[in-house]
Amino acid sequence: MRRSTSPDFNVTLSATQDSVQFDPRGLSLETLNTIVRFTGNVSANTDSVIIAGYTGKVVR
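In our numbering, the protein residues as written are 93 to 152.
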């Protein structure tokens, strides 16, 4: 189920890739990192996390 975070938390999410998929072992077939950006109601309220490509580890 897809749901917008904007009405509840006043936050917008954006990512460098449209999806992140993993096999049953928890490994990704993609080798590119995915950056997810969080933006609040003020442009100064921003943060991001990096999902490492192969392992899916959240780096930051």
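Each residue gets a CB set at the ideal place from its N, CA and C atoms; glycine is no exception.
Quick caveat: nothing in here was measured; it's all calculated off a predicted structure.
Beta-carbon separation (whole angstroms), residue i vs residue j, contact threshold 8 angstroms
| i | j | result |
| --- | --- | --- |
| valine 141 | valine 134 | Not really, about 20 angstroms apart at Cβ, beyond 8 angstroms. |
| threonine 147 | valine 103 | That pair is no contact at about 26 angstroms. |
| leucine 119 | glutamine 109 | Between glutamine 109 and leucine 119 the Cβ distance is about 16 angstroms, and since that is not below 8 angstroms, they are no contact. |
Given residue i as reference, the closest of the options once Cα atoms are compared
| i | options | result |
| --- | --- | --- |
| alanine 144 | Val112, Pro99, Ser106 | Val112 |
| arginine 152 | Ile127, Ala136, Asn137 | Ile127 |
Other residues of its chain near residue i: CB distance less than 8 angstroms, five sequence neighbours each side excluded
| i | result |
| --- | --- |
| leucine 121 | Gln113, Asp115 |
| serine 106 | Val128, Arg129, Thr131 |
Per-residue DSSP class, three states only, for residue i
| i | result |
| --- | --- |
| aspartate 115 | coil |
| alanine 139 | Here the sequence assigns aspartate to residue 139, which means alanine is not the residue at that position. Note: aspartate 139 maps to strand in three-state DSSP. |
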